[in-house]
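Q: Take this structure, written in C-alpha cells, and hold onto it; I'll ask about it next.
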Amino acid sequence: MPDIQANVRANIRVRFAPSPTGYLHVGGARTALFNWLFARKMGGKFILRIEDTDLERSSDEMVRGILEGMEWLGLDYDEGPFYQSDYADKHRAAAYQLLEGGQAYRDFAPKQERPQRDDATIKQDIAKEKVVNPYRDFPKEESDARAAAGEPFVIRFKVPEEGKTQFEDAVFGLQERDYKDTEDLVLLRSDGHPLYNLSVVVDDIEMGITHVIRGQDHINNTHKQVLIYQALGAKLPQFGHLPLILAPNKGKLSKRKHGEIVSVTTYRDSGFIPDAFLNFLALLGWAPKEGETAENQEIFSREQLIELFSLEGIHKSNAVFNFNEGDARNWTDQKALWMNAEYIKTWPPEKLLPLIKPELQKAGLWRDEYEGAQKAWYENTIHLLRERARTLLDFAAHGRPYFVDDLSFEFDDAAVKKNLQKEPAPKTLLPELAERFAALTEFTHDSTEAALRAFAEEKAVKAGLLINAARTALTGQAVGPSLFEVVAAVGQKRAVERLKHAAGMI
RNA sequence: GGCGCGUUGGUGUAACUGGUUAACACGCCGCCCUCUCAAGGCGGAGAGCACGGGUUCGAGUCCCGUACGCGCUACCA
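Residue numbers (this note's numbering): 1 to 506.
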C-alpha cells in the first residue's frame, strides 16, 4: 500500500521571499529558518524567491547580502533563487484577466503625492478622506475608450461590498476581515508595473506553494491576497504568520534605526558559529513541545531542530531581541553570546577548527604546521583557549601570545601593575625561576609545576604570587588558563625568554 | 482615526482537556572549587501570571470590559 502520508508531505512546498535590501536581518533570517525547518521536517521543498518588483530599490549588490546571509546560516534551498521581476508579464496578464472578468477596474485618477511613511497624522487624514472610487463602477465601454485613447490608469482590485475574507492561520487561528476594511488595492501601476500583492499571489500559485510562512506584519496583506487567490480561482495555501522580533525598545527592527546590529552578517563577522545563532533564533518565538526534549535543554543541533519543529510550537506574541550596541562586551543578546560560547566549548574539533583557521589567518597568526607537524600542539592550545572564548574572534585576540614567537603581544597595564609590580619579589625571583625552567630536561605541565612550587617554598613566597606573575609574563594578561597549561603550551624556550623579559619591565 | 494581533520575573520560554508554595534557560547576587579568569557545582533575589469584573468548590488557563504595546492602513515590499 502506498504511504499516502509520506506523499502528502513530500509535496509540501514553502518559500522564503525577501525583498533585496542589501542584507538579511535577523527577523528575515528567522522567517527563512522556520520555512527551512518546516520543509526539512516534512520532506518538502524550500524555495528562495527574491521579491524585486520594486526595481528602483533592487540591485545585484542588494541581492548578494541576502544570499550571503543564507549561505552563512546554512539554509540551503532546493529551488531558486527566483527573481520576481522575471515574471512581470505573468503578473500583468493576471491583472488583465481580473480586469476582463470584472474583478478589477481601471482607475484614471492621477497619481497622488503620498506622505512619508512615518508621517502618521497625514496618513490618518488620508484615511478619513477615503471615499468610494468614482471609477469603480465606470461603464466598460467608456473605460475601454479612454484606455484606448492613451489615458494613463492603474488597475485596482474591486473588493466586493458585502462579506468578509477569512482564512485559518496555523498560528493565530481563524482570521476574518470585513471587506469594507480592505481598500481597492492597486494591482498594476500606471506604468504597467505589477505590485507586490498581485505578484506574490501569482508566483505562489505558479510555484505550487502549499504553506506561506511569513511575518505577522503581513496579516493584512494576506486578507488582500486571499481576495486575489479567490478571484483567480486558485486554492488557498495554508498560512502561518510568525510573531515579530522586536528591538529592545519593543519597536520594529530596522536597519535605519538600529544599524548593522540587525544584520546577520554582523554576527558572522563578530565570530558567531552559524549553528549557535540559528539555535538562538529558533527559540525566539518558538519552543519545542514539553517532554520531547531533555530536561532543561536549550542547545539544539540543526538535526534536533528539524526533528522537533512544528507550526504548533510557534507563539503569538512578539519577542524582544535584547541587543545592546553601546556595550563592548555584551553587545548583543546575552543568551545568544552564552549559546555561542557553549558551542565553541563543546563542538567537535573537526567542525570548530575550520572556523578558527580563517580567524587566525586574518590576524596573521596562522601557520601551515598547525595542520602538520604541530597539529597536536595546535589542537591542545585551541582546547585551552576555547574554554574561555565567547566568540571565534577571541581565538586570535586571546591566542596571540601562544602563536607568536617574539614578544609582539600586548601587556595589559592593570595586569602588569597587579601581578608584576605590586610586590617586590617578582623582580628578583622571575629571572631565577627562568633559570630553573631552563635547567629542566623534561618540560611539561607537571615538571614545571613541581619546579615552581619547590622554588616558591625555597624562597618562602606563596606559589600563587609566582604563578600570577608568570602568567602575566608569559601572556601579558592577568587572566587565562591554568599557568602550567600555559607554560607547557608556550614551551621552554619562549617561557624562559619571557620570564626574563618581564623582570626587565618591573 | 480605522482594522488586526498580543500581554507569565530584566530577556527568552514552560505550565496536559481549569486543581496543592507558577517551572526552566540567559542575566544578576552569594558560596564552593582554585594559581587568575572562565567553566563547573551548590544556593539566592526576582513574576503571583497587565488591570478590573465575572463564571466556578477552584482560573495564568474560560467570558466581558479597560489599559498598554505592536503591526497594517502607498501607483513600497
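Every residue gets a Cβ at the ideal spot worked out from N, C-alpha and C, and that includes glycine.
For clarity, every value in this text was computed on a predicted model and none was experimentally measured.
1) So the beta strand (DSSP E) residue 242 belongs to, where does it begin and stop?
2) So which of 442, 436 and 441 has the shortest CA-CA distance to residue 454?
3) Leaving aside the five residues before and after residue 250 along the sequence, list all residues of the same chain whose C-beta is less than 7 Å from its C-beta, in chain order.
4) Could you tell me the boundaries of the beta strand (DSSP E) in which residue 15 lies?
5) Quick check: the region 191-200 against the region 41-53, are there 3 or more CB pairs under 8 Å?
6) Based on Cα-Cα distance, which residue from 479, 36, 358 and 396 lies nearest to residue 71?
7) Tell me the DSSP secondary structure of residue 165 in three-state form.
8) Using DSSP bridges, identify the partner residues of residue 263.
9) Apart from the five residues just before and just after residue 277, which ones in its own chain have a Cβ nearer than 6 Å to its Cβ?
10) Going by Cα to Cα distance, which pick from 299, 27, 400 and 150 is closest to residue 217?
11) I'd like the span of the alpha helix (DSSP H) that includes residue 349, first residue to last.
12) Examine the Cβ distances between the region 270-288 and the region 59-70 and report whether three or more of them are shorter than 8 Å.
13) Sorted by chain position, which residues of the same chain lie with C-beta nearer than 8 Å to residue 118's C-beta, five sequence neighbours on each side aside?
14) What residue does the beta strand (DSSP E) around residue 46 start on, and which one ends it?
15) Span of the alpha helix (DSSP H) holding residue 65?
16) Do the CB positions of residue 450 and residue 456 come within less than 8 Å of each other?
17) DSSP three-state label for residue 217, please.
18) In terms of residues, what are the limits of the beta strand (DSSP E) holding residue 81?
19) Pick helix, strand or coil for residue 200, following the three-state DSSP scheme.
20) Can you pull the DSSP bridge partners for residue 173?
21) In three-state terms, what does DSSP make of residue 155?
22) Would residue 262 pass as a contact of residue 91 if the rule is Cβ separation under 8 Å?
23) Can you grab the Cα-Cα spacing for the pair residue 422 / residue 428, in whole Å?
A: Here's the rundown:
1) Within the first sequence, numbered from 1, the residue matching residue 242 stands at position 242. From DSSP, the beta strand (DSSP E) with residue 242 extends over 238-242.
2) Translated into the one-based positions of the first sequence, residue 454 becomes position 454. For the residues 442, 436 and 441, the minimum Cα distance to residue 454 belongs to 436.
3) Sequence index remark: in the first sequence, residue 250 carries index 250 (1-based). Contacts found: 320.
4) Taking the first sequence and counting its residues from 1, the one referred to as residue 15 is at position 15. Residue 15 -> beta strand (DSSP E) spans 13-16.
5) Result yes; three or more Cβ-Cβ pairs closer than 8 Å.
6) Looking up residue 71 in the first sequence gives position 71. Answer by Cα proximity: 36.
7) Counting from one through the first sequence, the residue named residue 165 turns up at place 165. Residue state, collapsed to three classes: strand.
8) In the first sequence, counting from the first residue as 1, residue 263 sits at position 263. In the DSSP output, where bridge partners are listed per residue, residue 263 has 25.
9) As a first step, residue 277 is located in the first sequence; it is residue number 277 there, counting from the start. Excluding positions up to five away in sequence, the list reads 267.
10) Walking along the first sequence from the start, residue 217 turns up at place 217. Of the listed residues, the one whose Cα sits closest to residue 217 is 27.
11) Translated into the one-based positions of the first sequence, residue 349 becomes position 349. Counted as a single uninterrupted DSSP element, the alpha helix (DSSP H) harbouring residue 349 occupies residues 349-362.
12) Between the region 270-288 and the region 59-70 there are fewer than three C-beta pairs closer than 8 Å, too few to call the two in contact.
13) The residue labelled residue 118 in the question sits at position 118 within the first sequence. With a pLDDT of 46 at residue 118, under the threshold of 50, the modelled position of this residue cannot be trusted, and the question is left open.
14) The count along the first sequence starts at 1 and reaches residue 46 at position 46. Where residue 46 is concerned, the enclosing beta strand (DSSP E) stretches over 45-50.
15) By 1-based counting over the first sequence, the position of residue 65 is 65. It spans 60-73 - the alpha helix (DSSP H) in which residue 65 sits, taken as one unbroken run.
16) Along the first sequence, read from residue 1 onward, the residue named residue 450 stands at position 450. Along the first sequence, read from residue 1 onward, the residue named residue 456 stands at position 456. No.
17) Position 217 of the first sequence holds residue 217. Helix, per DSSP.
18) Locating residue 81 in the first sequence gives position 81, counting from the first residue. Per DSSP, the unbroken beta strand (DSSP E) holding residue 81 starts and ends at 79-83.
19) In the first sequence, counting from the first residue as 1, residue 200 sits at position 200. Correct three-state label for residue 200: helix.
20) Locating residue 173 in the first sequence gives position 173, counting from the first residue. Looking at the DSSP assignment, residue 173 forms a beta bridge with 169.
21) As a first step, residue 155 is located in the first sequence; it is residue number 155 there, counting from the start. Residue 155: strand per DSSP, three-state reduction.
22) Position 262 of the first sequence, counting from 1, holds the residue named residue 262. Position 91 of the first sequence, counting from 1, holds the residue named residue 91. The answer is no: Cβ separation not under 8 Å.
23) Along the first sequence, one-based indexing puts residue 422 at 422. Along the first sequence, one-based indexing puts residue 428 at 428. So the alpha carbons of these two residues sit roughly 13 Å apart.
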